[in-house]
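K.L.:
Please find one structure pasted underneath; my questions will follow.
Protein chains: 2
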Amino acid sequence: MSRSDDTEQTASTCGASEASTDTTSTETSTDTGSGCGASTADESASACGASSSSSESGCGASDDSEEEVGATVEDFDADPGRLVAVGLGPGQPEGMTRRATTALSEAEHIVGYTTYIDLIPDAVTEDAEDIYQTPMCGEVSRTEEAIDRALAGNDVAIVGSGDPNVYALAGLALEILESKGGTASAVDFEVVPGVPAAQSCAARLGAPLVNDTVSISLSDHLTPMPAIESRLHAAAKEGFTLTIYNPWSRKRRENYQKCCEILLEHRDPETPVGIVHGAGREDEQTEIVDLGDLPELGESDLIDMTTTLLVGTDETYVWDDRMVTPRGYETKYDY
Amino acid sequence: MSRSDDTEQTASTCGASEASTDTTSTETSTDTGSGCGASTADESASACGASSSSSESGCGASDDSEEEVGATVEDFDADPGRLVAVGLGPGQPEGMTRRATTALSEAEHIVGYTTYIDLIPDAVTEDAEDIYQTPMCGEVSRTEEAIDRALAGNDVAIVGSGDPNVYALAGLALEILESKGGTASAVDFEVVPGVPAAQSCAARLGAPLVNDTVSISLSDHLTPMPAIESRLHAAAKEGFTLTIYNPWSRKRRENYQKCCEILLEHRDPETPVGIVHGAGREDEQTEIVDLGDLPELGESDLIDMTTTLLVGTDETYVWDDRMVTPRGYETKYDY
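The listed protein sequences correspond, in order, to chains A and B.
If you're matching positions, the first sequence starts at 9 in my numbering and goes up one per residue.
If you're matching positions, the second sequence starts at 9 in my numbering and goes up one per residue.
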């Protein structure tokens, strides 16, 4: 297999001046760090496998330059190959499903962010003809590349951590495919689901999310902040648990503070909040704190682009270092 | 390995008169059908792997008898073994993560609902000393059994489909453990996350859930209906996509109709809704309909205990038989 490189395209997307040209390196922190100006961010770890959402917000916040999508379906005369969007799950190989492993083994081309590609065991990728990887950012051009390769007749897998439906590329792939005049059926478009960050972080905390629940991203790159605030109010008012993706970045510290403010407007300051930082990374850290302590943690090392927050309800309690949201069995059964 | 049986306990929980005594059978429809009065329900398939939520609602709706939890930590003099709650994912073996497979291979005892146990490949369970399986319902007694076995010194895996944090047993396990005077740390309690139904159903539909999203169960067994209605209003008013778990059962047809009514109060009748019926089963059926058509489908074969609904936002559209909720890239990028 060969590993190709697209740093130029990526650099222009992110506005980075020093993008590394060595995308085959297993040490990817240089790429991610210098590529997008998101100094501590590592897309793979952020949000326990929240796919590309962090990188988007990190990139877009620093540079709103547009990216043009080029070739259309008319430019390809081959019979299209397949296009599969594969969710890798939490990031470690053991978090992948067998279906994901199979999809990657069968793909002729594998496309993804360098850090994700590096997470896939070599045995799974060794039969691939080509692996196209780009550093952080460049979701649009990377996805377009995957689609062009499928339209050119190759069986392509585009990968991300977590699940392709959680702040991730399943939709972008379909949108770009449509804009190119292709169809989902022509490339036999398939989504292979993965374990989302909410679930892999919840597992670390015990049982915080067992009832009705909400996922909200604090990145205002693609969703305006007033909409995010309104959603936070609506969810916090009701008995939902909340998973907060992308809680903090240098460019949007105030979103985090606003979120804390809204949560505290509706919930007791003693409501347990699970904080999972850098899940699956060396600097992984899991803590359970009171909601009231959240604002002051905004500037601590615990809260950054790699953090996911799990907010309990009024019924959630902490027991033996675990967060437990009762399902309500205790109202029906005697134990 | 041996397979033990608990039909008596299960029958009393569910109020069934004809519970099958053959839990080793691979044909489990008799058990699930006759056990709980949920005629078409099959816990494993319902909600694409939504774990035990369907069975609870099916059971509890017909019988609210209490189940007493017996032994406490004092009754065991062995050093406790381990207790792992394992999410199997969508139900088919290929949807399991490697971590789940490993956890099951290492377990001395495996505890679960018969249909789930049958889904696990024999190669994974063959080293287990004992497999304790019960038909549908009996979550509390089954979970207690798992805990008792761990307290008695065995390494135990308790399994469910989907993810242990999605309407599932992670919380119940901790609650019962606490009531027995045990601690999570003494049994080294661990949750192995799995792919939830929302994700496995979304994958079938394309990209319906890529933004902020809400999961709501229409089962009012453990959550009062007014709370469910209030949550539906709150979510439908905002730009959330919704995954509706347990949309229908014979005993709560009116919850389904009420849900449709609330959604239609806030969203256009043409809003796309993905319906996934019997995911992973022989009678699997996936359809995308207009929200306005949902009420009349309530009494069709498409909507039952094995169905999950994915409700789009005002921006969701249908293209080439896929549901696409745009992430908003089109506002930033030109493609």
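The beta carbon of each residue, even a glycine, is placed where N, CA and C say it ideally should be.
No experiment lies behind these values; they were computed from the predicted model shown.
Helix, strand or coil for B/Asp138 per DSSP?
P.N.:
DSSP places B/Asp138 in strand when its eight states are reduced to three.
K.L.:
Considering only the alpha carbon of each residue, which of B/Thr142, B/Glu134 and B/His117 lies closest to B/Tyr124?
P.N.:
Selected option, being the one with the closest Cα: B/Thr142.
K.L.:
Please report the distance separating the alpha-carbon of B/Asp126 from that of B/Thr339.
P.N.:
So the alpha carbons of these two residues sit roughly 48 angstroms apart.
K.L.:
Using a Cβ distance threshold of 8 angstroms, determine whether the region 110-119 of chain A contacts the region 209-221 of chain B, with at least three qualifying pairs required.
P.N.:
Touching, no, given that fewer than three Cβ pairs across the two stretches are closer than 8 angstroms.
K.L.:
Output the distance between the C-alpha atoms of B/Gly300 and B/Glu278, rounded to the nearest integer angstrom.
P.N.:
Taking the straight line from one Cα to the other gives about 6 angstroms.
K.L.:
Taking the alpha carbon of B/Ala210 as the reference point, which residue from A/Ala93, A/Asp83, A/Arg335 and A/Val332 has its own alpha carbon closest?
P.N.:
Per the Cα distances, A/Ala93.
K.L.:
Output yes if chain B places a C-beta closer than 7 angstroms to the C-beta of A/Thr133; else output no.
P.N.:
Chain B, which has no Cβ nearer than 7 angstroms to the Cβ of A/Thr133, makes this no.
K.L.:
Give me the chain A residues within the contact set of B/Trp327, using Cβ-Cβ distance strictly less than 8 angstroms, ordered along the chain.
P.N.:
The contacting residues are Leu182, Glu186 and Ala192.
K.L.:
Spell out the partners DSSP gives A/His117 in its beta bridges.
P.N.:
A/Asp138 and A/Val164.
K.L.:
Leaving out five residues on either side along the sequence, give the residues of the same chain with a beta carbon under 6 angstroms from the beta carbon of A/Trp256.
P.N.:
Closer than 6 angstroms at the Cβ level, and outside the excluded window around A/Trp256, lie Tyr264, Ile311 and Asp312.
K.L.:
Along the chain, where does the alpha helix (DSSP H) containing B/His241 start, and where does it finish?
P.N.:
Note, B/His241: alpha helix (DSSP H), Met233 to Lys245.
K.L.:
Quick check on this structure: which residue in A/Ile155, A/Gly202, A/Pro172 and A/Val203 has the alpha carbon closest to the alpha carbon of A/Ser187?
P.N.:
Of the candidates A/Ile155, A/Gly202, A/Pro172 and A/Val203, the one whose C-alpha sits nearest the C-alpha of A/Ser187 is A/Ile155.
K.L.:
What do you get for B/Glu198, buried or exposed, if any count of 16 or more other CB atoms within 10 angstroms of its CB means buried?
P.N.:
B/Glu198 is buried by the Cβ-count criterion.
K.L.:
Out of A/Glu147, A/Gly282 and A/Thr191, point me to the one whose CA is closest to A/Glu82's CA.
P.N.:
Comparing Cα-Cα distances from A/Glu82 to each of A/Glu147, A/Gly282 and A/Thr191, the minimum goes to A/Thr191.
K.L.:
Leaving out the 5 sequence neighbours to the left and right, which residues in its chain are closer than 7 angstroms to A/Ala69 when beta-carbon positions are compared?
P.N.:
Caution applies to A/Ala69, whose pLDDT of 36 falls short of 50 and renders its modelled position unreliable; the model cannot decide the point.
K.L.:
Helix, strand or coil for B/Val203 per DSSP?
P.N.:
Coil at B/Val203, not helix or strand.
K.L.:
Which runs of the beta strand (DSSP E) spanning at least 3 residues fall entirely within the region 280-336 of chain A, listed in chain order?
P.N.:
Within the region 280-336 of chain A, the complete beta strand (DSSP E) runs of at least 3 residues are 280-285, 293-298, 315-319, 325-327 and 330-332.
K.L.:
Would you mind telling me which residues of chain A sit closer than 8 angstroms to B/Pro334, beta carbon to beta carbon, in chain order?
P.N.:
Gly179 and Glu183, listed in chain order.
K.L.:
Taking the alpha carbon of B/Pro98 as the reference point, which residue from A/Arg106, A/Pro101, A/Phe84 and A/Leu91 has its own alpha carbon closest?
P.N.:
The option with the nearest alpha carbon to B/Pro98 is A/Arg106.
K.L.:
Taking A/Tyr264 as part of the alpha helix (DSSP H), name the residues at either end of that continuous run.
P.N.:
First-last of the alpha helix (DSSP H) with A/Tyr264: Arg261 to His274.
K.L.:
Using a C-beta to C-beta distance shorter than 8 angstroms, which residues of chain E count as neighbours of A/Ile224?
P.N.:
The structure shown contains no chain E; its protein chains are A and B.
K.L.:
Going along chain A in order, which residues have a C-beta closer than 8 angstroms to the C-beta of B/Leu347?
P.N.:
Residue 347 of chain B lies beyond the range of chain B shown here (9 to 343); nothing can be said about it.
K.L.:
Classify A/Ser187 as helix, strand or coil using the three-state DSSP reduction.
P.N.:
Of the three classes helix, strand and coil, the one that applies to A/Ser187 here is helix, per DSSP.
K.L.:
Output, in chain order, the set of chain B residues within a Cβ distance shorter than 7 angstroms of A/Thr105.
P.N.:
Under the 7 angstroms cutoff, chain B gives Gly97, Glu102, Gly103, Met104, Thr105 and Val203.
K.L.:
Does any CB atom of chain B fall closer than 7 angstroms to the CB of A/Ser238?
P.N.:
Closer than 7 angstroms to some Cβ of chain B, the Cβ of A/Ser238 qualifies, so yes.
K.L.:
Check for me: the beta strand (DSSP E) holding A/Leu250 runs from which residue to which?
P.N.:
That run of the beta strand (DSSP E) goes Thr249 to Tyr253.
K.L.:
As a quick exercise: from B/Gly288, B/Glu290 and B/Arg239, pick the residue whose alpha carbon is nearest that of B/Lys266.
P.N.:
Checking every option, the nearest Cα to that of B/Lys266 belongs to B/Arg239.
K.L.:
For A/Thr222, name the three-state secondary structure that DSSP assigns.
P.N.:
The sequence given here has Val at residue 222 of chain A, not Thr. A/Val222: strand per DSSP, three-state reduction.
K.L.:
For B/Thr80, count the other beta carbons within 10 Å of its own beta carbon; 16 or more makes it buried, fewer makes it exposed. Which is it?
P.N.:
Answer is exposed; the Cβ neighbour count stays below 16.
K.L.:
For A/Glu292 and A/Asn254, what's the separation of their Cα atoms in angstroms?
P.N.:
A/Glu292 and A/Asn254: Cα-Cα distance of roughly 16 angstroms.
K.L.:
Since I believe A/Glu246 is in contact with B/Ala242 (beta carbons under 8 angstroms), could you give me their beta-carbon distance rounded to a whole number of angstroms?
P.N.:
B/Ala242 to A/Glu246, Cβ: 5 angstroms. Contact.
K.L.:
Measure the C-alpha to C-alpha separation of B/Val174 and A/Ser225 and round it to an integer number of angstroms.
P.N.:
So the alpha carbons of these two residues sit roughly 19 angstroms apart.
K.L.:
Within 10 Å of its beta-carbon, does A/Glu147 have 16 or more other beta-carbons around it, so buried, or fewer, so exposed?
P.N.:
By the 10 Å Cβ count, A/Glu147 comes out buried.
K.L.:
Would you grab the beta carbon distance between A/Val203 and B/Pro201 for me? Rounded to a whole angstrom, and I think it's under 8 angstroms.
P.N.:
5 angstroms between Cβ atoms; contact.
K.L.:
Exposed or buried, which one is A/Ser169 when buried takes at least 16 other CB atoms within 10 Å?
P.N.:
Per the 10 Å Cβ criterion, buried.
K.L.:
Could you check the C-alpha separation between A/Asn219 and B/Leu271 for me, to the nearest Å?
P.N.:
Between A/Asn219 and B/Leu271, the C-alpha separation is close to 20 angstroms.
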